[in-house]
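Structure first, then comments.
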Amino acid sequence: MGTYHQGADTVTIRRDGSRIIYKKADGSEFEVKAETRDVLFTPGQPRQRLVFLRDSAGQVTSFVRRYETSDILWNKDK
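Its first residue numbered 97, the sequence shown is counted upward by one per residue in this note's numbering.
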């Protein structure tokens, strides 16, 4: 969970009870679900995944938004 940026864009991923919410900078938000510990997906969008990357201490540092053959890296704000 946290706030991530890619260029001038920012997104926030947070928990809301048992739900995981992905919020864009424009205020729109939607629920994502866990596929594995480090992979989230959006129901109804089978070709997109959020793959979280960790440092050697196990802390999330970023995620890759994977859509078909395109990967976009989003870095976690510190």
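Glycine residues also receive a C-beta, built at the ideal position from the N, C-alpha and C atoms. As the structure is a computational prediction, the values presented were derived from the model and not from experiment.
Under 9 Å between C-beta atoms of residue i and residue j
i: R143; j: Y118; result: no
i: R161; j: R145; result: yes
Element boundaries [beta strand (DSSP E), containing residue i]
i: G98; result: G98 to Q102
i: D112; result: D105 to D112
i: Y121; result: The residue you asked about is not Tyr; residue 121 is Ala in the sequence shown. Note, A121: premise wrong, no beta strand (DSSP E); not H, not E.
i: Q144; result: Q144 to R150
Simplified DSSP assignment, three categories, for residue i
i: E164; result: coil
i: S158; result: strand
i: T132; result: strand
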